[in-house]
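Encoded as structure tokens, the structure appears first; notes follow it.
Protein chains: 8
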Amino acid sequence: MTRMDEADLRELIEGVRRGSVDPDAAVERLRRLPFADVGDALVDHHRTLRQGTPEAIYGPGKSAEQCVRIVGELLAHGSGPVLLTRADDDQVKAVVAAHGEAERAAGCVLWRRPEPRPDRTVLVVTAGTADTPVADEAGFTLGAYGLPVDRLHDVGVAGLHRLLAHVDRITDADAVVVVAGMEGALASVIGGLTSVPVVAVPTSVGYGAGLDGVTALLAMHASCASGITVVGIDNGFGAGSAIARMLRA
Amino acid sequence: MTRMDEADLRELIEGVRRGSVDPDAAVERLRRLPFADVGDALVDHHRTLRQGTPEAIYGPGKSAEQCVRIVGELLAHGSGPVLLTRADDDQVKAVVAAHGEAERAAGCVLWRRPEPRPDRTVLVVTAGTADTPVADEAGFTLGAYGLPVDRLHDVGVAGLHRLLAHVDRITDADAVVVVAGMEGALASVIGGLTSVPVVAVPTSVGYGAGLDGVTALLAMHASCASGITVVGIDNGFGAGSAIARMLRA
Amino acid sequence: MTRMDEADLRELIEGVRRGSVDPDAAVERLRRLPFADVGDALVDHHRTLRQGTPEAIYGPGKSAEQCVRIVGELLAHGSGPVLLTRADDDQVKAVVAAHGEAERAAGCVLWRRPEPRPDRTVLVVTAGTADTPVADEAGFTLGAYGLPVDRLHDVGVAGLHRLLAHVDRITDADAVVVVAGMEGALASVIGGLTSVPVVAVPTSVGYGAGLDGVTALLAMHASCASGITVVGIDNGFGAGSAIARMLRA
Amino acid sequence: MTRMDEADLRELIEGVRRGSVDPDAAVERLRRLPFADVGDALVDHHRTLRQGTPEAIYGPGKSAEQCVRIVGELLAHGSGPVLLTRADDDQVKAVVAAHGEAERAAGCVLWRRPEPRPDRTVLVVTAGTADTPVADEAGFTLGAYGLPVDRLHDVGVAGLHRLLAHVDRITDADAVVVVAGMEGALASVIGGLTSVPVVAVPTSVGYGAGLDGVTALLAMHASCASGITVVGIDNGFGAGSAIARMLRA
Amino acid sequence: MTRMDEADLRELIEGVRRGSVDPDAAVERLRRLPFADVGDALVDHHRTLRQGTPEAIYGPGKSAEQCVRIVGELLAHGSGPVLLTRADDDQVKAVVAAHGEAERAAGCVLWRRPEPRPDRTVLVVTAGTADTPVADEAGFTLGAYGLPVDRLHDVGVAGLHRLLAHVDRITDADAVVVVAGMEGALASVIGGLTSVPVVAVPTSVGYGAGLDGVTALLAMHASCASGITVVGIDNGFGAGSAIARMLRA
Amino acid sequence: MTRMDEADLRELIEGVRRGSVDPDAAVERLRRLPFADVGDALVDHHRTLRQGTPEAIYGPGKSAEQCVRIVGELLAHGSGPVLLTRADDDQVKAVVAAHGEAERAAGCVLWRRPEPRPDRTVLVVTAGTADTPVADEAGFTLGAYGLPVDRLHDVGVAGLHRLLAHVDRITDADAVVVVAGMEGALASVIGGLTSVPVVAVPTSVGYGAGLDGVTALLAMHASCASGITVVGIDNGFGAGSAIARMLRA
Amino acid sequence: MTRMDEADLRELIEGVRRGSVDPDAAVERLRRLPFADVGDALVDHHRTLRQGTPEAIYGPGKSAEQCVRIVGELLAHGSGPVLLTRADDDQVKAVVAAHGEAERAAGCVLWRRPEPRPDRTVLVVTAGTADTPVADEAGFTLGAYGLPVDRLHDVGVAGLHRLLAHVDRITDADAVVVVAGMEGALASVIGGLTSVPVVAVPTSVGYGAGLDGVTALLAMHASCASGITVVGIDNGFGAGSAIARMLRA
Amino acid sequence: MTRMDEADLRELIEGVRRGSVDPDAAVERLRRLPFADVGDALVDHHRTLRQGTPEAIYGPGKSAEQCVRIVGELLAHGSGPVLLTRADDDQVKAVVAAHGEAERAAGCVLWRRPEPRPDRTVLVVTAGTADTPVADEAGFTLGAYGLPVDRLHDVGVAGLHRLLAHVDRITDADAVVVVAGMEGALASVIGGLTSVPVVAVPTSVGYGAGLDGVTALLAMHASCASGITVVGIDNGFGAGSAIARMLRA
């Protein structure tokens, strides 16, 4: 498996060896190589590392046509999962019309879902009912990476008994995504109950002093629990992707 | 017990009745009453309600001489507790030289500590060691109101076991002051464990994303626990005063 | 009155004593007890404390169906008041269709209103007409706790005479909820006029420099009146719940 | 009294009339007039308007030598008051050594204090003891404009009786400067008690939620009292200058 | 003209003198005077001062019915101008139906416009076309106080020539209202061109870095021009009221 | 070409010379010159400098009629390009009806597009698809200045290979406009790859922690790349204008 | 290995079986189990999971004596690594005096460094020289978890060539910690170059628009690179702990 | 002039041609070229572009030893100017001791000052005396690029006459750096007076509402003047570098 245009390179060198290519021309061409090809080179290299991971398209700001085209290219040029996130109704309708039915949930569309890896479980926990859409996006993303998902809903810290009733599920998971708006305290509590990776997702749920998720984001960063990490507000996709990086580590 | 200068008023009216006071002069004087005396009237009324509560002086921004004078006036004009808070070394030295030794702790000086009320206990909980000075100010203030204080230190929510080991003390208290910096999550957890008044004090403990206490303040307000209330950043005195209002209610 | 499944526990122990239960099996089952049952245990304990208080459901972010189901469970499993807050029209229509008519006001629905406690009065004060909806939510919540409510509207501090005309109602109340947007100064003034608990609710009323309630929230925390406490922006329910904690104290 | 170099202009025109100045040269010179002289023209005009007002130098960021030189120029080129504000010890020592003793207070130095205007009184009110330095700067500035100052200290709104005891002084003043940190509520209350100009000065007094004066500044702007205006944080000089503009109006 | 119920007071005193009123009853009644009547007393006093100024009602947050009722009361109980501001279409329709046609502009409705004072002119300046609505509100408010208004539009500081072409109008005015969004620099420039009162109104005009008017508000407060004052964002009414206080001073 | 009313000035001076104009009258008239005419003088001067640059009208906040009138005046009084930006549909329809078809794109309308300057190329780079509208506004503005535009889309720094594949286009450009929302990192990277002027435009693209473009604006200012400059959020027009200033330098 | 006092439990049950323990007494004791022991139970369970991880003490806000005591307890009660972070000179001196020399760097002190795990490498990358202290804290923390550290310094994105020269080290690492202040763009770039876990640490390096690290924190959250996670400002310890969670996953 | 190791490349190709290098080995080595050398390649390329520009070292966060070493390397490896900025006393002493005397001003040290370019002038304008240090840094940086500097001090917009008196210097400059704190209005005014590049530098001068330069930064971005650009707070070096990019364009 070559990373850059190895066949062309070999042909050039063979041409030099055979005398059919002038050394000066060869030097000239090769001298420009890093600038001309560095982009493709990096992408090849990069792709190697990303083997088996979904190609993701972020919907907002793209027209339905752009979505159809990009999804099409990714389906055509690879064989792995293709994931469209935060798609609106027009985008979904257009891509389904163009590329056939696919799994759908939480504003996401997924083609070629990979086999789930049987040996890993990621727990997605929410503090309140209103955090569900963000948790669904995280869960769907994890599925697109082949990671099985367990879900625990509505276990905000003001009702500690609901959380503690499920302490085994928390400590049994290989990684935990904590989805919480308002004061985001659930991340600190979960972080203290398990030693596996915990990714906190602040949500814009709440009103007033919640400041559209900024309070939760700051609170999660100021958390007294060590070793938890945070992604952006409402960024369920980011949390899923982050966990995927970790469980492959 | 009169609220305004009742003796004078009675004398005036008697003067009218006896004919020794001219009705016009009486009307003129009485007509101005609300403006001339409303201040004193309100303060009398107010004082009545505040019977037995400490008179407090906030140290910062006052010279040592001002502290000496104000403490002196309060000691002279009343018989209840007098409390100087956030006093610096110069202020403490000056007031002790002028008004004699007194109880001191947490930057506060107290004269005439009242008898503790035996039937009430206020629990002061801190999330971390660094929250102690604010908790001490709250505790000392509560003492100045005659309220017995129980203390629970260093029970941040990332180590839930330390908190739960003391769940009985939490549920037995008549009111709880929660002192927490960083993400302030402890307030939400405590609020869910007890149904008595919970006053949360955000502290400026922490760094970076803690934003000098603003994160904790916002998080406490965005809390998922219902019915907890919040005082200003590092305001241990305010928390103590607030609890005093509540336990007298 | 047992806190955990005492009957089962007793039966298990009796089984051991009688020899019908194997000691190893009993140990195995009991050893897991804290983890399996701690949740229920806490909730029982908690419930004991909360005897007589309303169960509340926060509407936003829940579907009408979710509201119907949760209200139904709470009505079925308890006998106390059940309160749905911030319900939109669809939610109200659905719950009324499912569970019968109930008291409604300020976006709240209440089943099984408790008897009012005759010996307590909570004054709900607003600074301006536009603060009324938040005050109504606070008042309705207080009613759900059985607390009688007195109301004083539109007494902003720029018209001090309107406020002072009612000073007796302020000083007669057992607790005061101050609902104010804009600069929130009313909380400081009321705090100085009474020594009972004062809970300040900043509202998002106003424009520009009011910053959607953040200015009022900060100003209430920076207040020069000692012992007042604050709840989140527009959080009338929180204020009502907080007062309920205090007046039971 | 001319605004631009009228003598020169007259001489030029007379030269044209007498034939000693070539019309083309005159046109050329006059044509450039707006660009060459607009600066001086504006300043002359401006000076006319500012007759009798103090020339002020803001100390911070200037060396002692710069202060000496600027004060010297202003003393030499005019006959009105000269005011140095926010001067540090080095600056004060240097200007006094260079220009002789002068009135000093609140970090200000004033030469040539004008006669006070007998018919006007400006009330400077503070909410707390710690606001005094800013109030002093305002008061001293007013004096430099010849405006007599009445002072009322420590009448924060949490002790309304102290404020109301002086309601006559408030309603008798021709203008009021309200100096307040913390929540700045005093401005709203004073604004409702008088119909003369009220200038509010937020101070950086307080801690935590006071946000170094930003809370007071926002609160004063969100005030429910109509027609009060605000200057910058701790800007006592600005308040004094603003009042001077108003009372000359 | 009495400030409190002088006739009643006189009758009471006369009753005492005549013996028809028992001194004890008189004392009892008078003793409560400050609390019972302080509100009315203040309002009377206040009204005296406010003689001739418009009574203003702020529309937002009030129902059309509330507007109708309040306007009606103010029209009935006084003879001065009545001004409804920020009224929406429903409110306007309702008040006009109830109280007859009135002057209308800029979302305001005015009954009983006073005679303009011929000796005063207030200049209202805008930086850009989009600031016009706020300027109109300021201008209409000034009219409600009887103050003649001159207008100067679209003279932002990036086109200094447009501003300087009207420098005479600026220096001739008795007071200036500067209405500016974006960076608000116009206030600083105008403040340096005139020595009369300058009230700056930051507007929410602009996008991005203008932060809905917060940038202009802060910039106006940080202004290098001394003695200008600032009102809240978009607060044209506040600016008009402030100028009215000043020009009566 | 005269800058001020030179003909009138010459006539006045000739009148003086001929004796038909009284010298006193001439002095009086000339003495007022700076104030009366400084505005026009500055604008003339300014116009000279701006020769050949488009006159721009910012659409928002103007009525369609105002747009029609201003465009008409600019078309009538000059011969250079006229550019209407951020026009909504009504404005576009009205100006086209009044002034004939014109080039349109990105919410802009342009009359009299100048000849492109063949020797300059400005590269407009976007980080993501959603930044396109702002980039289009920048590109259209550059065209209105006669500057040829090269475009490079969707080269966010998380896919460095896409950016590096085009490094020649970056280093070949005479100036670069970097349009990026989210974290705005593209500006720093581009700034390090070229030594020509780089103008960064933060966009409001993104959600949550992007804070509507404030994060990108701050990040671009905190950039580790030296010598890049920044314009306001979404300000494509500003970026185009800034580049025009630079390439004429 | 038992989680709770299994031996005692077994003895109690055996006592019941043998008849030496009264069933009622057993029930009574067991009934209280969840409350009495839940704390210890959780901590045991927790400890099991944390086997082999360092016990960490955060220095700030603790006295030197507190540090000595806590370190002593942790050394006495366990056999794993003990790590004191952010220790000041007094704390370091005291703990070394009490507990003997230990490894020290970056304000941290470590006792009982574990054997490094040979199969893992964590790359710690800094954007600039000034980020070194935070990177050192992260590196030292990783060492305390037995994780080998590779370091790459001063590879800010404005000099992309320095970064790309080391692209192999980036793609070879098992996880990457990116330490960057200013605009924090390095995190986005690194996130696009590798598919392993990337933890970004914003630092307070920089001035002005860097806002003490808040800009970098926000920018990292708004990053266009998917799957990177963020810890708090300057929180090198947090990053190290987070990586440890991930590489054990 | 080659960009990458052209001699080696030529030798390799010649070896292939001569048969002394195996084609497979050549292919293998060339195939890795982009990754091994891309860093150096970019830097060479970059250096070509940066010919003649100063190498700059930012002092803060570096030890004196680090400064000595980096300056030494830059002096040794190039022949162009070397500029150390924001150096503290220790750094200056150390570099001078190691590398000999050099030009110094404004906390900067410069070796090998280039010949000034006679045909360009950059005007550096300050709003107030306290902005001087930032202006000096900008001026010194411009000198390090060989750009002659004209200076205009203390021309804040509140004294427009001072600014207008120098309008010719403003319109004659080839570029303008505007250094202003407080409200930063000077940038808007200058932007309207000239059509050359204007770079605005917000400074942290001022107090209170200036928010340490954030107000000026925001105001400059919200400016009504089109085509001005902004650099970071107090970033005089950035402004100088930006102008250098522009004047070379």
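Chains as they are written, first to last, in our numbering: chain A, 130 to 378; chain B, 130 to 378; chain C, 130 to 378; chain D, 130 to 378; chain E, 130 to 378; chain F, 130 to 378; chain G, 130 to 378; chain H, 130 to 378.
We treat Cβ as the ideally placed atom computed from N, Cα and C, and that holds for glycine.
{"Asked": "Sufficient close CB pairs (3 or more, under 8 Å) joining the stretch 250-257 of chain G to the stretch 223-236 of chain G", "Found": "no"}
{"Asked": "Length of the line joining the Cα atoms of Arg233 of chain H and Thr270 of chain H", "Found": "11 Å"}
{"Asked": "Short-range partners of chain B found in the stretch 310-341 of chain C, where Cβ spacing is below 8 Å", "Found": "Gly321, Leu322, Thr323, Ser324, Val325, Pro326, Val327 and Val328"}
{"Asked": "DSSP state of Glu266 of chain F mapped onto helix, strand, coil", "Found": "helix"}
{"Asked": "CA-to-CA distance, His282 of chain F to Tyr336 of chain G, given in whole angstroms", "Found": "32 Å"}
{"Asked": "CA-to-CA distance, Thr323 of chain H to Thr300 of chain G, given in whole angstroms", "Found": "51 Å"}
{"Asked": "Interfacial residues, the stretch 183-194 of chain G to chain B, with Cβ spacing under 7 Å", "Found": "Pro189, Gly190 and Lys191"}
{"Asked": "Under 7 Å from the C-beta of Gly361 of chain F: neighbouring residues of chain E", "Found": "Gly337 and Ala338"}
{"Asked": "Contacts of Val156 of chain E in chain B (Cβ-Cβ under 8 Å)", "Found": "Glu135, Leu138, Arg139 and Ile142"}
{"Asked": "Contact list for Gly268 of chain A against chain G, beta-carbon separation under 9 Å", "Found": "Those do not exist, as Gly268 of chain A stays about 15 Å from chain G at its closest Cβ, beyond 9 Å."}
{"Asked": "Beta-carbon gap between Ala351 of chain E and Met311 of chain H smaller than 7 Å", "Found": "yes"}
{"Asked": "N-terminal and C-terminal residue of the alpha helix (DSSP H) that Asp301 of chain C is part of", "Found": "Val296 to Asp301"}
{"Asked": "Environment of Lys222 of chain E [buried if 16+ CB atoms lie within 10 Å]", "Found": "exposed"}
{"Asked": "Rounded separation between Ala155 of chain B and Leu138 of chain B - CA only", "Found": "10 Å"}
{"Asked": "Run of the alpha helix (DSSP H) containing Cys196 of chain E, from where it starts to where it stops", "Found": "Ala193 to His206"}
{"Asked": "Helix, strand or coil at Val325 of chain B according to DSSP, with G and I counted as helix", "Found": "coil"}
{"Asked": "Test: Ala348 of chain C CB closer than 7 Å to a CB of chain D", "Found": "yes"}
{"Asked": "Within-7 Å CB hit, Ala381 of chain E to chain D", "Found": "The displayed coordinates of chain E run from 130 to 378. Any statement about residue 381 of chain E would go beyond what the structure contains."}
{"Asked": "Residues of the stretch 254-267 of chain C whose Cβ lies closer than 8 Å to any Cβ of chain D, in chain order", "Found": "Ala256 and Gly257"}
{"Asked": "Cα-Cα separation, Tyr274 of chain E to Pro245 of chain E", "Found": "8 Å"}
{"Asked": "Backbone secondary structure at Asp173 of chain H - three-state DSSP", "Found": "Here the model assigns Asp173 of chain H a pLDDT of 38, short of 50, so the residue's position is not dependable, and the following value carries that caveat. Reduced to three states, the DSSP call for Asp173 of chain H is helix."}
{"Asked": "Candidates C:Glu157, C:Glu194 and C:Met349: closest to Val307 of chain C by CA position", "Found": "C:Met349"}
{"Asked": "Same chain only: Cβ atoms within 8 Å of Leu203 of chain B, ignoring 5 sequence neighbours per side", "Found": "Glu184, Ile186 and Val211"}
{"Asked": "Cut-off 7 Å between Cβ atoms - residues of its own chain near Gly321 of chain F, not counting five sequence neighbours on either side", "Found": "Ala354"}
{"Asked": "C-alpha distance - Gly90 of chain E paired with Ala216 of chain E, whole-angstrom precision", "Found": "The structure shown does not extend to residue 90 of chain E, since chain E is modelled only from 130 through 378, so no value can be given for it."}
{"Asked": "Local Cβ density within 10 Å of Ala170 of chain C, reported as buried at 16 or more and exposed below that", "Found": "In this prediction, Ala170 of chain C has a pLDDT of 42, which is less than 50 and means its spatial position is unreliable; what the coordinates show is noted afterwards. Label assigned to Ala170 of chain C: buried."}
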